[in-house]
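Engineer: Throughout, our numbering is defined as the position within the sequence shown, counted from one, plus 20.
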Amino acid sequence: MMVLGVVPVFIWMERKGAAYIQDRRGPNRASILGIRLGGVIHSLADAIKLLTKEEIAAAQVSKPLFYLAPIIAFFIAGVTVAVVPFAEPLRVFGYEFTLQIADLDAGLIYVFAMSSLGVYALLIAGWSACGKYPFLGALRAAAQMISYEVALGLSVVAIFLFSGSLRLEDIVLSQGALVWNWNVIRQPLAFVLFLAALFAETNRLPFDLPEGESEIVAGYHTEYSSMRFALFFMGEYAHIVVGSLIIAILFLGGWQFPFIDATLLRSYSNEIFLFGWPIGAIVMLLFGGSISSRFRRRYRDVRDYEPLIWGIPIMLFAAALLIAWAGLMTQGYLNHLPEWIGPILVFMIQLGTLLVKALFFCSFFIWVRWTLPRFRYDQLMSVGWKVMVPLGIANIIITSAVMVFY
Numbered sequence: 021m022m023v024l025g026v027v028p029v030f031i032w033m034e035r036k037g038a039a040y041i042q043d044r045r046g047p048n049r050a051s052i053l054g055i056r057l058g059g060v061i062h063s064l065a066d067a068i069k070l071l072t073k074e075e076i077a078a079a080q081v082s083k084p085l086f087y088l089a090p091i092i093a094f095f096i097a098g099v100t101v102a103v104v105p106f107a108e109p110l111r112v113f114g115y116e117f118t119l120q121i122a123d124l125d126a127g128l129i130y131v132f133a134m135s136s137l138g139v140y141a142l143l144i145a146g147w148s149a150c151g152k153y154p155f156l157g158a159l160r161a162a163a164q165m166i167s168y169e170v171a172l173g174l175s176v177v178a179i180f181l182f183s184g185s186l187r188l189e190d191i192v193l194s195q196g197a198l199v200w201n202w203n204v205i206r207q208p209l210a211f212v213l214f215l216a217a218l219f220a221e222t223n224r225l226p227f228d229l230p231e232g233e234s235e236i237v238a239g240y241h242t243e244y245s246s247m248r249f250a251l252f253f254m255g256e257y258a259h260i261v262v263g264s265l266i267i268a269i270l271f272l273g274g275w276q277f278p279f280i281d282a283t284l285l286r287s288y289s290n291e292i293f294l295f296g297w298p299i300g301a302i303v304m305l306l307f308g309g310s311i312s313s314r315f316r317r318r319y320r321d322v323r324d325y326e327p328l329i330w331g332i333p334i335m336l337f338a339a340a341l342l343i344a345w346a347g348l349m350t351q352g353y354l355n356h357l358p359e360w361i362g363p364i365l366v367f368m369i370q371l372g373t374l375l376v377k378a379l380f381f382c383s384f385f386i387w388v389r390w391t392l393p394r395f396r397y398d399q400l401m402s403v404g405w406k407v408m409v410p411l412g413i414a415n416i417i418i419t420s421a422v423m424v425f426y
């Protein structure tokens with residue numbers, strides 16, 4: 021549900037990011053009762069449109085496989101997130117809650133096993149459509165994804181050597197809270213290789229050759245419409261979200277807050293709660309005031325009031341938090357906090373830290389898409405086999421030598 025909830029927001033971010041990079045306004049037409057909410061309504065309008073459009077399939081398609089392919093594409097993206105640890109186990113009320121669906125000893129292998137199955141969705145979609153452009157897109161996708169999976173796998177071998185475990189939680193804990201111990205500093209080459217290979221795995225620019233609109237229309241999903249096309253669309257964005265989470269876990273310390281260890285957070289959780297509450301409320305109050313200050317009588321319609329629609333509720337909520345904090349402090353209720361406050365606060369900080377890191381990489385995907393041009397197909401394959409694979413092997417050799425001799 022977290023991935024499904026993030027996908028519409030990410031689509032809105034991409035449209036707005038593209039607009040800012042290209043110096044235009046972006047989505048600002050769809051509305052409910054004249055209220056546009058900065059283009060957020062466009063994601064809702066897209067969902068309604070795709071759900072209600074007619075399903076079209078050419079007479080010659082292989083229907084069972086044609087219908088199965090988009091389901092596989094989205095399913096693979098959804099199940100890959102099962103091993104992502106969002107925080108340390110939460111111990112409260114005498115129970116322990118593990119903040120991941122499946123805590124596997126070979127979690128990293130599971131990620132690669134699941135992500136490698138994504139190529140079947142593209143192959144089946146292109147072949148079953150019985151068209152030359154979808155088939156060309158499927159062949160490109162198969163060659164590209166298989167090629168870059170080699171570099172993707174080689175890039176994480178050095179991470180495994182450092183952490184001594186394939187369990188994602190162990191990899192996070194091996195990095196600690198100190199930034200210079202994070203794998204992005206210890207393994208910069210592996211980070212660059214993994215990030216580049218992830219662009220190819222998710223079929224994003226500059227590696228979106230399977231969908232090359234200027235060459236093969238839309239590639240493997242040319243013949244799809246309505247909700248079946250939406251599943252491919254959502255699957256791509258879900259892959260980006262999950263890939264960003266995996267990068268944050270492998271290279272940026274996962275849920276670890278920079279320079280502040282989880283033990284330290286637990287030790288001072290009461291103080292963080294006492295002072296973080298009013299500070300957060302004040303920041304929220306200033307943020308709401310900043311939004312509300314954008315109110316101008318420009319359009320002479322409901323759009324003029326959108327800053328107030330966003331800003332005033334935020335300010336009211338912040339004011340309510342401040343009043344509640346002052347009242348509880350006056351009555352002395354905050355002097356003796358219950359024991360469950362600390363663990364839940366630490367969990368929220370760790371979860372927020374991981375999501376901020378993942379959101380940064382999601383924004384990076386958007387930035388790269390609207391900045392770099394598409395590679396030629398021969399360049400794509402040359403980079404994968406002649407540059408990234410040798411660099412991945414060299415990185416493993418160097419890391420092994422460093423660990424043996426130092």
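By construction, the Cβ of each residue, glycine as well, lies at the ideal position given by its N, Cα and C atoms.
Exposed or buried, Leu336, counting other C-beta atoms within 10 Å across all chains shown (16 or more means buried)?
Structural biologist: When all chains shown are included, Leu336 counts as exposed.
Engineer: With respect to the beta strand (DSSP E) encompassing Tyr115, which residues constitute its N-terminal and C-terminal limits?
Structural biologist: 115-117 is the extent of the beta strand (DSSP E) around Tyr115.
Engineer: Quick one: give me the first and last residue of the beta strand (DSSP E) that Leu218 is part of.
Structural biologist: It is not in any beta strand (DSSP E) - Leu218 instead sits in the alpha helix (DSSP H) that spans 208-221.
Engineer: In whole angstroms, what is the alpha-carbon distance linking Arg49 and Thr100?
Structural biologist: Near 35 Å, if we compare the C-alpha coordinates of Thr100 and Arg49.
Engineer: How many Å lie between Gln42 and Arg35 at the Cα?
Structural biologist: Looking at the two C-alpha atoms, the distance is approximately 11 Å.
Engineer: According to DSSP, which residues form a beta bridge with Ile55?
Structural biologist: Bridge partners of Ile55: Ile52.
Engineer: In chain order, what residues of the same chain lie with their CB nearer than 6 Å to the CB of Ser402, ignoring the 5 residues before and after it?
Structural biologist: Around Ser402: no qualifying Cβ.
Engineer: When you compare only the Cα positions, how much space is there between Phe384 and Pro298?
Structural biologist: C-alpha separation (whole angstroms): 32 Å.
Engineer: Where do the N-terminal and C-terminal ends of the alpha helix (DSSP H) with Val192 fall, by residue?
Structural biologist: Element bounds for Val192: 188-195.
Engineer: Could you tell me the boundaries of the beta strand (DSSP E) in which Leu110 lies?
Structural biologist: That run of the beta strand (DSSP E) goes 110-112.
Engineer: Between the C-alpha atoms of Val500 and Met247, what's the straight-line distance to the nearest angstrom?
Structural biologist: Nothing about residue 500 can be read from this structure; the chain reaches only from 21 to 426.
Engineer: For Gly46, I'd like the list of residues in its chain whose CB is within less than 8 Å of its CB, leaving aside the five on either flank, ordered along the chain.
Structural biologist: If we look at Gly46 and ignore the five residues flanking it on each side, its Cβ neighbours are Arg35, Lys36, Ala38, Ala39, Tyr40, Gly59.
Engineer: Taking Pro84 as part of the alpha helix (DSSP H), name the residues at either end of that continuous run.
Structural biologist: Taken as a continuous stretch (DSSP letters only), the alpha helix (DSSP H) holding Pro84 covers 83-100.
Engineer: Taking just the CA atoms, how far does Thr283 sit from Tyr8?
Structural biologist: In this structure the chain extends from 21 to 426, so residue 8 is not present and cannot be described.
Engineer: Let's test the definition: count the other Cβ atoms within 10 Å of the Cβ of Tyr319 and tell me whether it reaches 16, buried, or not, exposed.
Structural biologist: Label assigned to Tyr319: exposed.
Engineer: Leaving out the 5 sequence neighbours to the left and right, which residues in its chain are closer than 8 Å to Val23 when beta-carbon positions are compared?
Structural biologist: Taken in chain order, the residues that qualify are Ala97, Gly98, Val101, Ala258, Val261, Val262.
Engineer: Would you mind giving the Cβ-Cβ distance between Leu229 and Gln164, rounded to the nearest angstrom? I have them listed as a contact below 8 Å.
Structural biologist: Right, their Cβ atoms sit about 6 Å apart.
Engineer: Taking Cβ to Cβ, would you say Pro278 is nearer than 8 Å to Arg394?
Structural biologist: Not a contact, by the Cβ cut-off of 8 Å.
Engineer: Ordered along the chain, which non-local residues of its own chain (more than five positions away) have a Cβ less than 8 Å from that of Arg56?
Structural biologist: Taken in chain order, the residues that qualify are Asn48, Arg49, Ala50, Arg323, Glu326.
Engineer: Go through its chain and collect everything with a Cβ distance to Leu172's Cβ below 6 Å, but skip five positions before and after it.
Structural biologist: For Leu172, where only same-chain residues beyond five positions count, the Cβ hits under 6 Å are Ala217.
Engineer: I'd like to confirm the pairing. Which residues does DSSP put opposite Ile280 in its beta bridges?
Structural biologist: Note: Ile280 sits in a beta bridge opposite Phe277.
Engineer: Quick one: give me the first and last residue of the alpha helix (DSSP H) that Gln80 is part of.
Structural biologist: Element bounds for Gln80: n/a, residue is neither H nor E.
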